[in-house]
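Inspection log for the structure reproduced underneath, given as structure tokens.
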Amino acid sequence: MVWVSRFSAVLVLLLAGGAAYAHHSAPAFYKVDERITVSGTVTEFRFSNPHAIVKLEVVGEDGEKQEWTAETTSPSVLRRRGWSQQSFTPGERVTLEGMPSLDGSYLIRITRAFREDGTEIGIPPGTNN
Amino acid sequence: MRATNFFFALVVGAVALGAASERLHAQSPQGHGIAGFWTLEPGPMPPRRAPTPAEAELIAHFPEGTVLLADAGAFEFPPGDYGGLDVHEHLREAAKGYDPGDQTDVSLTCRPPGVIYSMQGPFPIEIFEGRDLIVIKLEYFDLVRVIFMNETEHPDDWPHSHTGHSYGSWDGDTLVVHTAKLLPGTLFNNGVDHTEDVRLLERFRLADENTLIVSQQFEDPGSFTGTAARVMSFRRGDDHVYPYDCDPTYGLAIESRQGPE
Chain L
577 MVWVSRFSAV
587 LVLLLAGGAA
597 YAHHSAPAFY
607 KVDERITVSG
617 TVTEFRFSNP
627 HAIVKLEVVG
637 EDGEKQEWTA
647 ETTSPSVLRR
657 RGWSQQSFTP
667 GERVTLEGMP
677 SLDGSYLIRI
687 TRAFREDGTE
697 IGIPPGTNN
Chain Y
-4 MRATNFFFAL
6 VVGAVALGAA
16 SERLHAQSPQ
26 GHGIAGFWTL
36 EPGPMPPRRA
46 PTPAEAELIA
56 HFPEGTVLLA
66 DAGAFEFPPG
76 DYGGLDVHEH
86 LREAAKGYDP
96 GDQTDVSLTC
106 RPPGVIYSMQ
116 GPFPIEIFEG
126 RDLIVIKLEY
136 FDLVRVIFMN
146 ETEHPDDWPH
156 SHTGHSYGSW
166 DGDTLVVHTA
176 KLLPGTLFNN
186 GVDHTEDVRL
196 LERFRLADEN
206 TLIVSQQFED
216 PGSFTGTAAR
226 VMSFRRGDDH
236 VYPYDCDPTY
246 GLAIESRQGP
256 E
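Structure representation (structure tokens):
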């Protein structure tokens, strides 16, 4: 089941991650002043620069499976927020909060991530840098 | 006696362990005090906020008419906005066709943006101060800058690169660095590049032992008229820069995304 809620967010660039406005520009792909939430099962996690990638299998409202691509900021930045190569395990269910794609594809720029029990993955952005 | 020796060994061991542990952390300030690990202060930089006294001192060095760009740090100009800089018309026109999606191409993903843009980005830097060299490691794209403190000009035959050729000198407690021989690189991350003839002048100065102010001013008659500048404030940290090890296939994951267009 996918639940996607949209809400306006005050554009605080630092909350989007330190690298959001660097070489690989977030505004090129994302609506940086909006947020969505996506829940699903992790199928792949790549923790490498310039940006880490989480692949997520999500069940849509129509019952069909969707493959979502979730992008983070730089792992260099995330390591200082407590993320690591082990932050996501294939098969686990997670909820991701972030910016929706400009083109409507199943793409999200992660701003926060949570395990199934609600535990936040890493230190929330903006609290230590 | 044995007990005394054992106790002495314990004390020596503890001191040695402490020293080893200390070495795991950031280097101690030495020389002029700028050595160490620095992260960009979060939040806006001048002119998005009023400059601090230390920033104002560096800003006072800018030539009259200098355009102080408001994109230092995490901020970025949208397409077509060059912060008031008089960018040449043909480059403005060319920038209209700029596709930021190209950044995810395998051939471009790991191409460093160049030192002018990279120094104001949100990644940390680490400075090592020696007698004849000052080395600045940027976490961003693993860039390493060498500043020759025993040179006073750019060699004609020095190859162009993303970090160029830099020489520096101390003006009191301010490190003044001249850089040239830079490959064309982005100025604003929105489609306008400087040419390989760009000249960069930077000043590094401590506001206090834990705050480093860096100014950059640059001129490039091939891409804009006049002088552009930025001012950044860095905070000392107890850390080292991490390897960046850019993965060029990152963009493939983005390009293979699914879903309705």
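Going line by line, the protein sequences match chains L and Y.
The first sequence runs 577 to 705 under our numbering.
The second sequence runs -4 to 256 under our numbering.
C-beta atoms are modelled at their ideal positions from N, C-alpha and C, and glycine is treated no differently.
All values reported here derive from a predicted model rather than from experimental measurement.
- In the three-state DSSP reduction, TYR77 (chain Y) falls in the coil class, being neither helix nor strand.
- LEU103 (chain Y) counts as exposed, since fewer than 16 other beta carbons sit within 10 angstroms of its beta carbon.
- Residue contact with chain L for ALA65 (chain Y): absent (no Cβ-Cβ distance below 8 angstroms to any residue of chain L).
- By the beta-carbon neighbour count (other beta carbons within 10 angstroms, threshold 16), ALA51 (chain Y) is exposed.
- Proximity to ASN185 (chain Y) across Y:ASP234, Y:PHE32 and Y:ARG87 peaks at Y:ARG87, based on C-alpha coordinates.
- In terms of Cβ geometry, TRP644 (chain L) and ILE697 (chain L) do not form a close pair [threshold 8 angstroms].
- When the Cα atoms are used, GLN115 (chain Y) and GLY232 (chain Y) turn out to be separated by approximately 17 angstroms.
- When only Cα atoms are considered, PRO700 (chain L) and PRO154 (chain Y) end up about 43 angstroms apart.
- Per DSSP, ILE684 (chain L) is one residue of the beta strand (DSSP E) stretching across 683 to 691.
- LEU128 (chain Y) is positioned such that its CB atom lies no closer than 8 angstroms to that of SER113 (chain Y).
- SER677, ASP679, GLY680, SER681, TYR682 and LEU683: these are the residues of the segment 673 to 699 of chain L whose beta carbon lies less than 9 angstroms from some beta carbon of chain Y, given in chain order.
- Residue pairing by DSSP places MET144 (chain Y) in no beta bridge whatsoever.
- Partner residues in the beta bridge of THR645 (chain L), as assigned by DSSP, are L:LYS631 and L:LEU683.
- Here DSSP, grouped into helix, strand and coil, assigns SER210 (chain Y) to strand.
- Using a Cβ-Cβ distance cut-off of 8 angstroms, the segment 38 to 47 of chain Y and the segment 62 to 73 of chain Y are in contact, since at least three pairs of beta carbons, one from each stretch, lie closer than that value.
- Your pair ARG198 (chain Y) and VAL171 (chain Y) checks out as a contact, with CB atoms roughly 6 angstroms apart and the cut at 8 angstroms.
- Excluding sequence positions up to five before and after ILE54 (chain Y), its CB lies within less than 8 angstroms of the CB of PRO41, PRO46, LEU63, SER210, ALA224 and VAL226, all in the same chain and listed in chain order.
- In the structure shown, the three-state DSSP call for HIS85 (chain Y) is helix.
- For a Cβ distance threshold of 7 angstroms, nothing in chain Y lies close to THR613 (chain L): the least Cβ distance comes to about 16 angstroms.
- Identification of chain L residues near PRO42 (chain Y) by a Cβ-Cβ cut-off of 7 angstroms yields none; the smallest Cβ-Cβ distance measures about 17 angstroms.
- In this structure, Y:SER156 is the residue among Y:SER156, Y:LEU196, Y:GLU124 and Y:PHE123 with its C-alpha nearest to the C-alpha of LEU178 (chain Y).
- The C-alpha of THR222 (chain Y) lies about 8 angstroms from the C-alpha of ASP215 (chain Y).
- Think of a sphere of 7 angstroms around the beta carbon of GLU643 (chain L): the chain Y residues whose beta carbon falls inside it are GLN253, in chain order.
- In the DSSP assignment, HIS149 (chain Y) is bridged to no other residue.
- The three-state reading of DSSP puts LEU678 (chain L) in coil, since its state is none of H, G, I, E or B.
- Interface criterion not met: the Cβ of PRO666 (chain L) is under 8 angstroms from no Cβ in chain Y.
- Closer than 9 angstroms at the C-beta level to chain Y, one finds these residues of the segment 603 to 633 of chain L: PRO603, ALA604, PHE605, GLU620, ARG622, SER624, ASN625, PRO626, HIS627, ALA628, ILE629 and LYS631.
- Boundaries for GLU36 (chain Y): no alpha helix (DSSP H) harbours it, and the DSSP string shows neither H nor E there.
- Scanning Y:GLY26, Y:HIS27 and Y:GLY31 for the CA closest to the CA of PHE229 (chain Y) turns up Y:GLY31.
- For SER601 (chain L), the C-beta contacts it makes with chain Y under 9 angstroms involve GLU71, PRO95, GLN98, ASN184 and ASN185, in order along the chain.
- In this structure, the straight-line span from the alpha carbon of LEU201 (chain Y) to that of ILE208 (chain Y) is close to 6 angstroms.
- Around the beta carbon of SER251 (chain Y), a 10 Å sphere encloses fewer than 16 other beta carbons of the protein chains shown; the residue is thus reported as exposed.
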